[in-house]
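The structure appears below as structure tokens.
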Amino acid sequence: MELVNILLIALLLLLVRKLIWCFRWLWRWYHGQEPPAPIPFFPRRTGETFDGHVRQARDDQED
854 MELVNILLIA LLLLLVRKLI WCFRWLWRWY HGQEPPAPIP FFPRRTGETF
904 DGHVRQARDD QED
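Numbering (the working numbering), first residue to last: 854 to 916.
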């Protein structure tokens, strides 16, 4: 039961983080500023890792 509570708290924190980003986006859009960069749901997860794997696969195919 304690593990479930910890997981739910972690999920809540991730959702709050995304909600804050949404409010920042709306604020900047309303005031005519450039919107912030999109954030992934999980922290420190970017498309760079996936792009690196794709590049590596292409390099392996060329060899």
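Glycine residues also receive a C-beta, built at the ideal position from the N, C-alpha and C atoms.
Since this is a predicted model, take the numbers as computed values, not measurements.
Item                                                                                                            : Value
As assigned by DSSP and simplified to three states, the class of H906                                           : helix
Residue range of the unbroken alpha helix (DSSP H) whose run includes A863                                      : E855 to Y883
Spatial neighbours of W880 in its chain, beta-carbon cut-off 7 Å, leaving aside the 5 residues before and after : none
Distance cut-off 7 Å: R911 Cβ against heavy atoms of the ligand FMN                                             : No copy of the ligand FMN occurs in the structure displayed, which carries no ligand at all.
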